[in-house]
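Trainee: Quick one: this structure, given as structure tokens, is what I'll be asking you about.
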Amino acid sequence: MKFELRTRQVCLFLIAFIPINKMFILPSVLAKISNADMWISCLISLSLDLLTIALVTFTCRQSKTDFFNLVENTFGKVGSKLILSVFFVYFMLKAIIPINEQKEYVELTLYTLKPSIFYFLPFFPVVFYLCIKPLRVIGRASDVLWICTLIGYFVLLFLSVTNADFSAILPVGVNGANKIVSASFKGFNWFGDGAYLLFFIGEFCYKKHDGIKIVASYLLSALIILSFMIIFYCIFTSIAHRQRFAFTEISKYTTVINNLGRFDYIGIVLLIFSNTFSISLPLYFACRILNRIFNVKKKWITALCVVGVQALILLTLNRFYLTIENLAKGGFAIFFFIVGNVLPAFSPLLTLKKEKNYENA
Amino acid sequence: MKTLKAKIIMILVAFLFIFFFSNDFGLIDVEKTSIITAIAIDKTDDGDFEVTAQIAVPEATDANTENQKAQLSGKGSTVGAALKDLGDTSGWFPKLAFCNLILIGSSLSQTNVITAIDYFAKTLRVQDSALVAFSQKSAKELLEISTPLDNLSAFALQKILLKSTGFDRDIISTDVKSFCADYYSIANSSYMPLIKILDSGGSSESSGQGSSSGGASDTSGQSGGQSSQSSGQKNKENLFDARSTALFVEGVKVGELGDNETLALNAILSNINGTSLSVDEVPDKNGKPTNYLLTVLKNKRKTKLTATNNSLDLYIDLSLYCKVADHSSSNSDEAISQNHPLSQPLIEKTENMLIEYLENMMQISRRTGCDFLKIKEKLYRYNYKQYSLYKDNFLSKVKTHINVSVFGQS
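Keeping their order, the protein sequence lines are chains A and B. Residue 361, in my numbering, is where the first sequence stops; the numbers in between run on with no holes. Residue 1410, in my numbering, is where the second sequence stops; the numbers in between run on with no holes.
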């Protein structure tokens, strides 16, 4: 059997792409609800994702085939198409907020005046190109971009940690379980990363201890996210919820920045670069699902549809972005939780039914 | 077929590049951009904000090394509106990315200053790491006066407010972010340096070149171009003193900390290595009263709050390792060059002096109600069980235990 990915690439995928999209507006979203306990809300979501990823990794160990075949084997052709359609909708919805975040961030920080929305259009051909490529391209991108993510993160960390007042997160849990859980609930759009891992089932050769490596990689990713959240709150304390774009803000209060200028943008640009791929992922997997549902051989057709719809959403619904964001944080959050966490958590059940011999099929 | 495909891709890429670069990254013609180095905010009699911007005028010449400046004012019901007014009437786009100083005029002392400062914390146009300071007079006046330190008074003020390592740390440094964070914190108390104007005793001759001021609300219709000084006119030169601190509760100015209390506050809030302490009238080895100047080489500080149902105690521990930098004794000795041990009378006098400063500082905190030591925040963070018991009367209930130890080479 030919594998598209290596275990190393799956591990690096988790480090390169999982932490970044949580560093834009998510910290302020959490801080608005659970204030100093925002890190607990984040920890809850990360723990749920860890559980999901551990279970999906277990599925990877048990399975001899990919996710699509597993679903078809268990639920039949019609049933599998229905389930895949749910994932397709999930990925299409999941992509909207992060793409808008990146667009808004670039507009506000790199442009003096608000540019026309067309400046962001070149992003879509990049996604289109990515969407027509096989899964190994994601693996190769992970091989390269994990270093960008880590360098970017450490640049910001070293510049900001000295300004953090770590007592700001005390007393722990004083905001009440209600607010902590509510913040965690509203952040589900940014989590649910176990769903990506479903599509890696059967795509890499699972060897002994690979599960530990994958879970350890996610733990490192979770540590990056959690430390970022804590440092962010400890720098801004009572005004944390007002800092919409967290990672452009946290590093600028260092004396060295005052003296030398904003060289922290080196780290920021590296993170934005990785994020370009990170925000493309939902669309990439949406394309793969669509190819499978309609059995499309010419991948560019589905890629064009998926990317076109997303571009259209960006162009036409820009005015209603706040409503979309509120929907993602409100009513749709439960959908994100179910599809991003609950369904992947049940993936080991897919391996219970005896698999067909797909290799010979 | 392949060539056609490649051509289509090339055309598409070129088309997209046009989109990407059509905006020139939003850059504005430098001729139409005003680089604002400092902003002064005052309140007019009719309740509007008057924003004065000090603008650096870059000149493409090697002949003149001095910074040229212009000053413009705008009025509006909000700070943002006043800035807009300034841009409308001058034709310049007010670029705030290099604005590192925001001055608040005394006319705002009776109103909530957050209405003036919050704009800078909300907008991404200005860095919220910009310093904020309170002017004893009008903020506009601070920008207008002439100083021998720099042609741009804003740059001179920044030199005073932003001290590097090794400089005297006797000035409180506050930026937009920390002021707003303190204002919105549980203590509602904040502070910023208070700037007083001193007469330097000198005068300068104004060339009239480049230095201009004007008001957007100028009834003559001249906006921003009116020369404030005629050529050859002598200007009185001034210096700035920022060693006092203005205190705010819920954004309203409630009092001030003097030079000594500001030094004491700095000593317990930050590292004051390199700061000088003047200790006068200490007997030397012959018993003659001598004045000493000590330099702090290292300081350790700890502020701890303990709360029980019966008591609220604040422990302030300050430990300073000092050396004699100068003295007025007529005896010739090698004490200064060799960092000799400090004499016991000198140690005692310094300790008592610092205890007095710290006690005065606490008294001012009680009197004004300004919790600049963040006692309420400490109560909330470390003693949450007693928080409801003391949250309304912590300043009157708190007992302060001050322990200062000064030591030198042994």
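Think of the CB as a built atom: it goes at the ideal place given N, C-alpha and C, for glycine as much as any other residue.
Is the Cβ of A/Arg242 closer than 8 Å to any Cβ of chain B?
Mentor: Numbered from its first residue, the first sequence carries residue 242 of chain A at position 242. Yes, its Cβ sits closer than 8 Å to a Cβ of chain B.
Trainee: Please decide whether B/Cys1180 counts as near chain A, where near means a Cβ-Cβ distance under 8 Å.
Mentor: By one-based count along the second sequence, residue 1180 of chain B stands at place 180. Judged by the 8 Å Cβ criterion, B/Cys1180 is in contact with chain A.
Trainee: Could you compute how far the alpha carbon of A/Ala164 sits from the alpha carbon of A/Ile231?
Mentor: Taking the first residue of the first sequence as 1, we reach residue 164 of chain A at position 164. Taking the first residue of the first sequence as 1, we reach residue 231 of chain A at position 231. One C-alpha to the other measures close to 6 Å.
Trainee: Take B/Phe1134 and list the residues in its own chain whose beta-carbon comes closer than 6 Å to its own, dropping the five residues that flank it on each side.
Mentor: To locate residue 1134 of chain B, count along the second sequence from 1; it is residue 134. So the qualifying residues of the chain are Ile1104, Met1192, Leu1194, Ala1246.
Trainee: Can you name the residues that DSSP bridges to A/Phe185?
Mentor: For the purposes of this step, residue 185 of chain A is identified with residue 185 of the first sequence, where counting begins at 1. Looking at the DSSP assignment, A/Phe185 forms no beta bridge with any residue, so it has no partner.
Trainee: For A/Lys299 and A/Asn73, I'd like the C-alpha separation in whole angstroms.
Mentor: Within the first sequence, the letter at position 299 stands for residue 299 of chain A. Within the first sequence, the letter at position 73 stands for residue 73 of chain A. C-alpha separation (whole angstroms): 24 Å.
Trainee: List the residues that DSSP assigns as beta-bridge partners of A/Phe394.
Mentor: This structure cannot speak to residue 394 of chain A, because chain A is shown only from 1 to 361.
Trainee: Considering only residues of the region 1267 to 1297 of chain B, which uninterrupted beta strand (DSSP E) runs meet the minimum length of 3 residues and lie entirely inside it, listed in chain order?
Mentor: 1276 to 1283
Trainee: Verify whether the separation of the beta carbon atoms of A/Thr109 and A/Thr254 is less than 8 Å.
Mentor: In the first sequence, residue 109 of chain A corresponds to position 109, counting from 1. In the first sequence, residue 254 of chain A corresponds to position 254, counting from 1. No, the pair does not count as a contact, with Cβ atoms beyond the cut-off.
Trainee: Using DSSP bridges, identify the partner residues of B/Phe1407.
Mentor: In the second sequence, the residue the question calls residue 1407 of chain B occupies position 407. According to DSSP, B/Phe1407 bridges with B/Tyr1321.
Trainee: At a Cβ threshold of 8 Å, is A/Tyr218 touching chain B?
Mentor: Position 218 of the first sequence holds residue 218 of chain A. Not one chain B Cβ lies under 8 Å of A/Tyr218.
Trainee: Going by C-alpha distance, which of A/Gly79, A/Ile96, A/Lys208 is nearest A/Val307?
Mentor: As a position in the first sequence, residue 307 of chain A is number 307, starting the count at 1. When only C-alpha atoms are compared, the closest one is A/Ile96.
Trainee: Of the choices A/Val126, A/Leu271, A/Leu304, whose alpha-carbon is the least far from that of A/Cys287?
Mentor: As a first step, residue 287 of chain A must be located in the first sequence, where it is residue number 287. Of A/Val126, A/Leu271, A/Leu304, the residue nearest in Cα terms is A/Leu304.
Trainee: For the beta strand (DSSP E) containing B/Leu1358, list its first residue and its last residue.
Mentor: As a position in the second sequence, residue 1358 of chain B is number 358, starting the count at 1. Careful: B/Leu1358 lies outside any beta strand (DSSP E), inside the alpha helix (DSSP H) at 1344 to 1368.
Trainee: Going by other Cβ atoms of all chains shown within 10 Å of its Cβ, with 16 needed for buried, is B/Arg1169 buried or exposed?
Mentor: If you number the second sequence from 1, residue 1169 of chain B lands on position 169. Per the 10 Å Cβ criterion, buried.
Trainee: For A/Pro115, does the three-state DSSP call read helix, strand or coil?
Mentor: Locating residue 115 of chain A in the first sequence gives position 115, where the first residue counts as 1. If DSSP states are grouped into helix, strand and coil, A/Pro115 belongs with coil.
Trainee: Which term fits A/Phe336, buried or exposed, when burial requires 16 or more other beta carbons within 10 angstroms of its beta carbon?
Mentor: Along the first sequence, read from residue 1 onward, the residue named residue 336 of chain A stands at position 336. A/Phe336 comes out buried.
Trainee: Would B/Asn1309 be called buried (16 or more neighbouring beta carbons within 10 Å of its own) or exposed?
Mentor: Here residue 1309 of chain B corresponds to residue number 309 of the second sequence, with the count starting at 1. With fewer than 16 other Cβ atoms within 10 Å, it is exposed.
Trainee: If contact means a Cβ-Cβ distance below 9 Å, which residues of the region 158 to 171 of chain A contact chain B?
Mentor: Ser167, Ala168, Ile169, Leu170, Pro171
Trainee: Output the residue ranges of the beta strand (DSSP E) runs that lie fully inside the region 1116 to 1152 of chain B and measure 3 residues or longer, sorted by chain position.
Mentor: 1131 to 1135
Trainee: Against chain D, with Cβ distances strictly below 8 Å, would B/Ser1185 count as a contact?
Mentor: Among the protein chains in the structure shown, which are A and B, there is no chain D.
Trainee: A/Thr7 CB to nearest chain B CB: under 8 Å?
Mentor: To locate residue 7 of chain A, count along the first sequence from 1; it is residue 7. Not one chain B Cβ lies under 8 Å of A/Thr7.
Trainee: Does the distance from the CB of B/Leu1373 to the CB of B/Tyr1390 come in under 8 Å?
Mentor: For the purposes of this step, residue 1373 of chain B is taken as the residue at position 373 of the second sequence. For the purposes of this step, residue 1390 of chain B is taken as the residue at position 390 of the second sequence. Not closer than 8 Å, so no.
Trainee: Compare the C-beta of A/Tyr105 against all C-beta atoms of chain B and say whether one is closer than 8 Å.
Mentor: Here residue 105 of chain A is taken as the residue at index 105 of the first sequence, counted from 1. A/Tyr105 does not count as touching chain B.
Trainee: What residues of chain A sit near B/Ala1130, judged by a beta carbon separation below 9 Å?
Mentor: Residue 1130 of chain B sits at position 130 when you count from the first residue of the second sequence. Within chain A, no residue comes near B/Ala1130; the closest Cβ sits about 10 Å away, beyond 9 Å.
Trainee: If we count Cβ pairs, one from each stretch, closer than 8 Å, do we get three or more for the region 49 to 59 of chain A versus the region 180 to 189 of chain A?
Mentor: no
Trainee: Helix, strand or coil: how does DSSP classify A/Arg292 here?
Mentor: Residue mapping note: residue 292 of chain A aligns to position 292 of the first sequence, counting from 1. DSSP places A/Arg292 in helix when its eight states are reduced to three.
Trainee: Within 8 Å (strictly less), CB to CB, does B/Ala1014 reach chain A?
Mentor: Residue 1014 of chain B sits at position 14 when you count from the first residue of the second sequence. Under the Cβ criterion of 8 Å, B/Ala1014 is not counted among the residues facing chain A.
Trainee: Identify, in the order they occur along the chain, each residue of the same chain with its Cβ nearer than 8 Å to the Cβ of B/Ala1325, setting aside the five sequence neighbours on each side.
Mentor: For this step, residue 1325 of chain B is matched to residue 325 along the second sequence. Ser1276, Leu1293, Leu1294, Thr1295, Ile1336, listed in sequence order.
Trainee: Can you list, in chain order, the residues of its chain with a C-beta nearer than 6 Å to that of A/Tyr119? Leave out the 5 residues immediately preceding and following it.
Mentor: Along the first sequence, one-based indexing puts residue 119 of chain A at 119. If we look at A/Tyr119 and ignore the five residues flanking it on each side, it has no Cβ neighbours.
Trainee: Note down, in chain order, all residues in the region 119 to 135 of chain A with a beta-carbon under 8 Å from any beta-carbon belonging to chain B.
Mentor: Of all residues in the region 119 to 135 of chain A, Tyr119, Leu121, Pro122, Pro125 have a Cβ within less than 8 Å of some Cβ in chain B.
Trainee: Closer than 6 Å by C-beta to A/Val215: which residues in its own chain qualify, once you throw out the five before and the five after it? Chain order, please.
Mentor: As a working mapping, residue 215 of chain A is identified with position 215 in the first sequence. Excluding sequence positions up to five before and after A/Val215, its CB lies within less than 6 Å of the CB of Ala54, all in the same chain and listed in chain order.
Trainee: When you compare the CB positions of B/Arg1455 and B/Ser1330, do they come within less than 8 Å of one another, or not?
Mentor: Nothing can be reported for residue 1455 of chain B: it is not among the residues displayed for chain B, which extend from 1001 to 1410.
Trainee: Specify the secondary structure class of B/Ser1388 as computed by DSSP and reduced to three states.
Mentor: As a first step, residue 1388 of chain B must be located in the second sequence, where it is residue number 388. B/Ser1388: helix per DSSP, three-state reduction.
Trainee: For B/Val1282, collect the residues of the same chain with a Cβ closer than 8 Å to its Cβ; drop the 5 residues on either side in sequence, then sort them by chain order.
Mentor: As a working mapping, residue 1282 of chain B is identified with position 282 in the second sequence. Counting only Cβ-Cβ distances below 8 Å, and skipping sequence neighbours, we find Pro1289, Thr1290, Asn1291, Tyr1292, Ser1343, Pro1345, Leu1346, Lys1349.
Trainee: Rounded to a whole number of angstroms, what is the C-alpha to C-alpha distance between A/Gly152 and B/Lys1177?
Mentor: As a position in the first sequence, residue 152 of chain A is number 152, starting the count at 1. As a position in the second sequence, residue 1177 of chain B is number 177, starting the count at 1. Cα to Cα, A/Gly152 sits roughly 23 Å from B/Lys1177.
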